[in-house]
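K.L.:
In the working numbering, the protein residues as written are 285 to 475.
Okay, handing you the structure first.
What follows is the structure in structure tokens.
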């Protein structure tokens, strides 16, 4: 594990439901990575135009990250900020290089501990779901480890970092969420 480089990681998650898991991940990885995430209260978006909020997320946090981890809880797929953060992570610009991307299914997710083939892709944020298909996907989703969080996640972060600049290029072709999606989290997103 000592030969795995220290990466700058942006953690995308639903703050109201999954803060505990974000905190546990940061604590477990401690000095082994640099946390570039948005914390509660970092961006006061009251009255700001959507483009300005997205710019702040992208330029003040994600632009310096090399890997984005999406913590996938029960309702994460509904969150506009998660959608924006995944999109900003996929775009390759001079001032905002593309990030490697991985998802962690949390124990609160209905598909936690299920085989990949048995998971409902509509319970995963749509932009992330579009990038996990095929034999050589851009992104990969793993289950939150029951133990050994640091030991098991650090190599996955490095693998995501290595995938960020190779083909297939990520799919960012969806329209950005304007608002959070509503409805029953268990039903998932629709086309």
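For each residue, glycine too, the CB sits at the ideal point set by N, CA and C.
So residue 470 and residue 394 are supposed to be a Cβ contact under 8 Å. How far apart are they, rounded?
P.N.:
One-based indexing of the chain shown puts residue 470 at position 186. One-based indexing of the chain shown puts residue 394 at position 110. About 6 Å; that satisfies the 8 Å criterion.
K.L.:
Taking three-plus beta-carbon pairs below 8 Å as touching, is the region 367 to 374 in contact with the region 425 to 442?
P.N.:
The region 367 to 374, when compared against the region 425 to 442, does not touch it at the 8 Å Cβ threshold.
K.L.:
Please specify which runs of the beta strand (DSSP E), each continuous and at least 3 residues long, are wholly inside the region 412 to 448, giving them in chain order.
P.N.:
Those beta strand (DSSP E) runs which fall completely within the region 412 to 448 and span 3+ residues are 424 to 427.
K.L.:
Looking only at its chain, what residues have a beta carbon closer than 6 Å to the beta carbon of residue 442, apart from the 5 residues adjacent to it on each side?
P.N.:
As a first step, residue 442 must be located in the chain shown, where it is residue number 158. Within the same chain, residue 442 has close Cβ partners 288.
K.L.:
According to the neighbour-count rule (16 or more other Cβ atoms, all chains shown, within 10 Å of its Cβ), is residue 415 buried or exposed?
P.N.:
As a working mapping, residue 415 is identified with position 131 in the chain shown. Buried.
K.L.:
Would you kindly check if the distance between the Cβ of residue 345 and the Cβ of residue 422 is under 8 Å?
P.N.:
As a position in the chain shown, residue 422 is number 138, starting the count at 1. As a position in the chain shown, residue 345 is number 61, starting the count at 1. No; because the gap between Cβ atoms is not below 8 Å, this pair is not in contact.
K.L.:
Could you check whether the region 399 to 408 touches the region 446 to 464, counting it as contact only if at least three pairs of C-beta atoms, one from each stretch, sit closer than 8 Å?
P.N.:
The region 399 to 408 vs the region 446 to 464: no contact.
K.L.:
For residue 332, count neighbouring Cβ atoms within 10 angstroms of its own Cβ and tell me buried if that reaches 16, exposed if not.
P.N.:
Within the chain shown, residue 332 is the residue found at index 48, counting from 1. When all chains shown are included, residue 332 counts as exposed.
K.L.:
Looking at residue 353: is its Cβ nearer than 8 Å to the Cβ of residue 340?
P.N.:
For the purposes of this step, residue 353 is identified with residue 69 of the chain shown, where counting begins at 1. For the purposes of this step, residue 340 is identified with residue 56 of the chain shown, where counting begins at 1. Cβ atoms of residue 353 and residue 340: not closer than 8 Å.
K.L.:
Starting from the C-beta of residue 462, find all residues in its chain whose C-beta is less than 8 Å away, skip the five residues before and the five after it, and write them out in chain order.
P.N.:
For the purposes of this step, residue 462 is identified with residue 178 of the chain shown, where counting begins at 1. Answer for residue 462: 334 and 364, listed in chain order.
K.L.:
Just to confirm before moving on: does the CB-CB distance between residue 473 and residue 403 stay below 8 Å?
P.N.:
For the purposes of this step, residue 473 is taken as the residue at position 189 of the chain shown. For the purposes of this step, residue 403 is taken as the residue at position 119 of the chain shown. Going by C-beta atoms, residue 473 is not nearer than 8 Å to residue 403.
K.L.:
Can you tell me which of the three DSSP states residue 386 falls into?
P.N.:
Indexing the chain shown from 1 puts residue 386 at position 102. Residue 386: strand per DSSP, three-state reduction.
K.L.:
Among the residues of its own chain, which have a CB less than 7 Å from the CB of residue 316, if the five just before and after it don't count?
P.N.:
Counted from its first residue, the chain shown places residue 316 at position 32. Within the same chain, residue 316 has close Cβ partners 290, 434 and 438.
K.L.:
For residue 454, count neighbouring Cβ atoms within 10 angstroms of its own Cβ and tell me buried if that reaches 16, exposed if not.
P.N.:
The residue you call residue 454 lines up with position 170 of the chain shown. Buried, by the Cβ-count rule.
K.L.:
Decide if residue 362 is buried, meaning its Cβ has at least 16 other Cβ atoms within 10 Å, or exposed.
P.N.:
As a first step, residue 362 is located in the chain shown; it is residue number 78 there, counting from the start. With 16 or more Cβ atoms within 10 Å of its Cβ, residue 362 is classed as buried.
K.L.:
So residue 347 and residue 379 are in contact, right, with Cβ under 8 Å, and what is the actual spacing, rounded?
P.N.:
As a position in the chain shown, residue 347 is number 63, starting the count at 1. As a position in the chain shown, residue 379 is number 95, starting the count at 1. Residue 347 to residue 379, Cβ: 6 Å. Contact.
K.L.:
Is it the case that the Cβ atoms of residue 384 and residue 447 are separated by a distance below 8 Å?
P.N.:
Mapped onto the chain shown, residue 384 falls at position 100. Mapped onto the chain shown, residue 447 falls at position 163. In contact: residue 384 and residue 447 (Cβ atoms closer than 8 Å).
K.L.:
Just to check my reading of the structure: residue 425 and residue 389 have Cβ atoms closer than 8 Å, yes? What is that Cβ distance to the nearest angstrom?
P.N.:
Position 141 of the chain shown, counted from the start, is the residue given in the question as residue 425. Position 105 of the chain shown, counted from the start, is the residue given in the question as residue 389. Their Cβ separation, rounded to whole angstroms, is 6 Å, which keeps residue 425 and residue 389 in contact under 8 Å.
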